[in-house]
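In our numbering, the protein residues as written are 13 to 231. Before any comments, here is the structure.
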DNA sequence: TGCCAGGCCCTCTTTAGGGCCTT
């Protein structure tokens, strides 16, 4: 059964190329429709946290002074998520920091981590009635469990994980005719997030068809 | 005070521009 890692970074800015560094990371493991494990840590990169970010996240320079080094945190994280495809809310943002911080820490690239699905792109496909696709809005829209203080890594990763579970449920229900008993795994999420709204059903059918071919190929 | 990035999507589009989403 596939395990998916839902991740969330808190950072000092919007882009690693603009000098932004990670301040906190969380990863939540999802398997078989359940949250099965979680990891969270502050990390010390030596970067200064601007007042605006401190107010937004509650993460201060003083808190980071006692935090473990980014290198040790990222090595732990690489082990924790080993072999798991990744999911994040606005994956383009987290993917940029993931790649930059993993490279700085000298972690070997994990082929599974090249597959990075985005709950924003999926939400834009699936929830046309939602006011917008911000994480907090979608959590309220679906009545997701309260995961704690927003803009902290574990709380946001937990909320994203609950959103992902909701999406897997909704996709399975909406496309029950095409999917049958096929689980809603990472490959289908990737397929759907790239599909045009009007082509959702065709994407599911294409995915199911390919799964069938792969199943035959393994026998 | 306001902007600083980057990837993706949508449309009054595709030889482009603007909005969304993340910290």
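Just so it is clear, CB atoms sit at the ideal spot from N, CA and C, and this is done for glycine as well. For clarity, every value in this text was computed on a predicted model and none was experimentally measured.
Ignore the nearest five residues each way along the sequence and tell me which others in residue 79's own chain have a CB closer than 6 Å to its CB. 54, 55 and 56
List, from N- to C-terminal side, the alpha helix (DSSP H) runs of 4 residues or more that fit wholly inside the stretch 157-230. 165-186, 188-191, 198-206 and 212-229
Just tell me which of 18, 22 and 92 has its CA closest to the CA of residue 10. Any property of residue 10 remains undetermined from this structure, which presents the chain solely from 13 to 231.
I'd like the span of the alpha helix (DSSP H) that includes residue 14, first residue to last. Looking at the DSSP string, residue 14 is not in any alpha helix (DSSP H), and its letter there is neither H nor E.
Decide if residue 170 is buried, meaning its Cβ has at least 16 other Cβ atoms within 10 Å, or exposed. buried
Start and end residues, beta strand (DSSP E) containing residue 53: 46-54
Pick from 201, 209 and 210 that is closest to residue 219, judged by C-alpha positions: That would be 201, whose Cα lies nearest to the Cα of residue 219.
Check for me: the beta strand (DSSP E) holding residue 98 runs from which residue to which? First-last of the beta strand (DSSP E) with residue 98: 98-100.
Unbroken stretches of the alpha helix (DSSP H), 4 residues or longer, contained in the stretch 69-132: 73-77, 82-92 and 103-116
On the CB-based measure, 16 or more other CB atoms within 10 Å of its CB, does residue 120 come out buried or exposed? Around the beta carbon of residue 120, fewer than 16 other beta carbons lie within 10 angstroms, which makes this residue exposed.
Which term fits residue 176, buried or exposed, when burial requires 16 or more other beta carbons within 10 angstroms of its beta carbon? Around the CB of residue 176, 16 or more other CB atoms lie within 10 Å, so the residue is classed as buried.
Does residue 149 come out as helix, strand or coil in the three-state DSSP assignment? helix
Could you tell me if residue 179 is buried or exposed, where buried requires 16 or more neighbouring beta carbons within 10 angstroms of its beta carbon? buried
At a cut-off of 6 Å, would you count residue 75 as near the ligand SAH, judging by its Cβ distance to the nearest heavy atom? Ligands are entirely absent from the displayed structure, and the ligand SAH is therefore not among its contents.
For residue 39, which residues does DSSP report across the bridge? According to DSSP, which records beta bridges pairwise, residue 39 is partnered with 19 and 51.
Could you say which of 144, 104, 112 and 136 lies nearest to residue 127 if we only look at CA atoms? It is 104 whose Cα lies nearest to the Cα of residue 127.
Just the C-alpha distance for residue 2 and residue 137, rounded to the nearest angstrom, thanks. Residue 2 is absent from the structure shown; the chain starts at 13 and stops at 231.
Closest by C-alpha distance to residue 147, when choosing among 185, 133 and 101: 101
Could you have a look at residue 135 and say whether DSSP puts it in helix, strand or coil? helix
Is the distance from the Cβ of residue 15 to the Cβ of residue 96 below 7 Å? yes
What is the rounded straight-line gap between the Cα of residue 70 and the Cα of residue 217? 45 Å
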